[in-house]
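Single-structure report; data block below.
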Amino acid sequence: MVKLFKSLADVTRLRLVAILAQGEFTVSELTDILAMGQSRISRHLKILLDAGIVTVQRQGTWSYFRLDGKNNYFQQLCPTILEYLATDGVYPADQQGITRILDERQRKSRDFFDHHAREWDRLAKEMIAADRYQGALLEQLGQVETVVDVGVGTGSLLGDLSLRARQVIGIDHSPSMLNEARTRVENKQLVNVDLRLGEMTHLPVADHSADALILNMVLHHAPHPPTVFNELRRVLRPGGKVLIAELERHQLEWFRDRLADQWLGFTRQELTDWLQLAGYRLVNLKLMKNSNKLPAVQVLTAELIDQEEYNQ
Ligand SMILES: C[S@@+](CC[C@H](N)C(=O)[O-])C[C@H]1O[C@@H](n2cnc3c(N)ncnc32)[C@H](O)[C@@H]1O
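Under my numbering, residues 62 to 373 are what the sequence shown spells out, in order.
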């Protein structure tokens with residue numbers, strides 16, 4: 062406990078705690094947010110690591126720092142620290158820095174898809190073997206009233222979704238990807254599909270209006286994935302479900318370079334922790350191994366926990 066309090070007895074380290082409470086960042090991003098030298102930030106991070114407040118995980122050649130969710134004692138203290146820091150003079154500048162970094166992650170992803178929309182279907186086949194796992198995802202859907210395909214891309218699932226739902230809403234933040242999806246909808250004459258421009262953290266969908274949400278290879282583009290689940294909860298009807306297809310954590314750096322992936326997949330633990338925290342129960346998980354040196358794909362289905370049960 063002494064080590065923990067000693068490590069917190071410094072304003073920069075408290076600021077780091079407040080920043081990491083809002084996402085995972087690299088040293089270089091933290092340097093940008095705090096406007097301090099890299100060696101100074103690294104020294105402070107080392108102290109927080111040694112005290113068990115922060116953990117680090119490698120993704121390819123990058124290392125991301127985050128608060129250690131398993132440090133229960135610190136978790137209890139954290140709200141008090143954040144409350145205190147919100148009154149500090151540097152707080153607005155730190156918040157602006159965080160927003161700048163998260164916006165930049167979002168912009169990178171959108172630019173990539175705007176430039177590669179025409180060739181996306183080929184890339185998806187070659188690099189994530191999309192045709193091999195999509196059946197498993199659709200199997201989990203069943204027949205529903207309204208389904209929302211979040212990050213719909215060129216709409217590879219729209220034909221199948223259109224047969225399984227009365228209403229299909231496809232959302233994407235890349236206008237070029239949406240144009241490709243629109244062409245597909247017109248060619249296939251899918252009359253129950255509605256395409257909308259929007260962000261996965263601010264979905265242009267009414268509260269509690271969807272029975273199912275699909276995130277097919279989308280979460281690894283989110284600037285801060287855990288926050289996405291809160292927005293999904295807003296649009297889901299009670300008892301609604303979320304279907305996710307995501308890469309298993311891998312170390313193939315070229316996914317970042319050639320596909321603009323923000324995260325090199327996720328561990329099963331990460332996904333289930335985020336779901337649980339946001340009020341979902343995992344009901345199905347399938348791991349689809351890939352033979353040709355590509356990362357395995359996790360297909361997850363989670364359902365919304367009853368609000369009363371969630372509040373307890
Ligand atoms: C890897 S593609 C997958 C497309 C489609 N789901 C599929 O599997 O064919 C990721 C898609 O998510 C979209 N996307 C990424 N970040 C997004 C965000 N923050 N909000 C909305 N769409 C986003 C991209 O524009 C892109 O179309």
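Glycine included, each C-beta is placed from N, C-alpha and C at the ideal position.
None of these values were measured; they are calculated from a predicted model.
Of the residues the options, the one placed nearest residue i, counting alpha carbons only
i, options, result
"THR288", "GLY300, ARG310 and GLU260", "GLU260"
"VAL205", "ARG298, MET62, LEU128 and TYR125", "ARG298"
"VAL209", "MET62, ARG179 and PRO265", "PRO265"
"LYS347", "LEU256, ARG161 and GLY196", "GLY196"
"LYS350", "PHE174, LYS169 and TYR194", "TYR194"
"PHE174", "LEU332, HIS234, GLN312 and VAL296", "HIS234"
"ASN345", "LEU338, GLN359 and ASN353", "GLN359"
"ALA96", "VAL151, ASP255 and LEU274", "VAL151"
"SER68", "GLN120, PHE135, ALA273 and ASP149", "PHE135"
"ASP182", "ALA82, PRO356 and MET278", "MET278"
"LEU343", "LEU332, SER352 and SER170", "LEU332"
"HIS176", "VAL72, PRO236, VAL211 and ASP129", "PRO236"
"ASP334", "LEU355, LYS131, LEU109 and ALA273", "LYS131"
"LEU355", "ARG104, PRO140 and ARG310", "ARG310"
"LEU280", "VAL211, ASP255 and LEU256", "VAL211"
"ASN133", "PHE86, MET62 and VAL296", "MET62"
"ILE108", "ALA70, PRO140, PHE86 and TYR145", "ALA70"
Nonlocal neighbours in the same chain, by C-beta distance under 8 Å from residue i, ignoring five residues either side
i, result
"HIS263", "GLU292"
"ASN253", "SER223, ALA226, ARG227, GLN228 and VAL229"
"LEU91", "LEU77, ILE80, ILE102, LEU106 and PHE126"
"THR122", "GLU314"
"GLN99", "VAL88, SER89 and THR92"
"GLN312", "ARG119, GLN120, GLY121 and LEU325"
"ASP164", "PRO284"
"VAL296", "VAL209, LEU264, VAL266, ALA267, ASP268, HIS269, SER270, ALA271 and LEU274"
"LEU338", "PRO287 and PHE290"
Contact test: residue i Cβ vs ligand 1 heavy atom, cutoff 8 Å
i, result
"LEU304", "no"
"GLY259", "yes"
"GLN167", "yes"
"TRP315", "no"
"TRP335", "no"
"PHE174", "yes"
"VAL246", "no"
"HIS282", "yes"
"ASP233", "yes"
"GLY121", "no"
"SER170", "yes"
"SER89", "no"
"LEU274", "no"
"MET278", "yes"
"SER217", "yes"
"TRP324", "no"
"MET238", "yes"
"LEU320", "yes"
"GLY300", "no"
C-beta contact flag for residue i and residue j at 9 Å
i, j, result
"THR215", "ARG245", "yes"
"VAL115", "SER124", "no"
"LYS249", "GLY220", "yes"
"GLU247", "LYS302", "no"
"LEU239", "LEU218", "no"
"ARG319", "LEU325", "no"
"PHE290", "LEU308", "no"
"ILE232", "VAL213", "yes"
"HIS269", "ASP322", "no"
"LEU75", "ILE142", "yes"
"VAL72", "ASP149", "yes"
"ALA82", "LEU128", "yes"
Other residues of its chain near residue i: CB distance less than 6 Å, five sequence neighbours each side excluded
i, result
"ILE305", "LEU276 and LEU361"
"PRO241", "Correcting the residue identity first, residue 241 is Glu in this sequence and not Pro. Closer than 6 Å at the Cβ level, and outside the excluded window around GLU241, lie ALA178 and THR215."
"ARG329", "none"
"ALA191", "ALA185"
"ILE162", "GLU90"
"LEU65", "ALA112"
"GLY158", "ILE94"
"GLN84", "According to the sequence shown, residue 84 is Gly rather than Gln. Cβ neighbours of GLY84 beyond the five flanking positions: HIS285."
9 Å Cβ cutoff, residue i in contact with chain D
i, result
"ASP71", "No chain D appears in this structure, which consists of one protein chain only."
Near ligand 3: residue i beta-carbon under 8 Å from a heavy atom
i, result
"VAL254", "This structure does not include ligand 3; its bound ligands are ligand 1."
Cβ-based neighbour list, residue i, same chain, cut-off 7 Å, excluding 5 preceding and 5 following
i, result
"GLY340", "ARG294, LEU365, ILE366 and TYR371"
"THR160", "none"
"ALA273", "LEU202, VAL205, VAL208, GLY301, LYS302 and LEU304"
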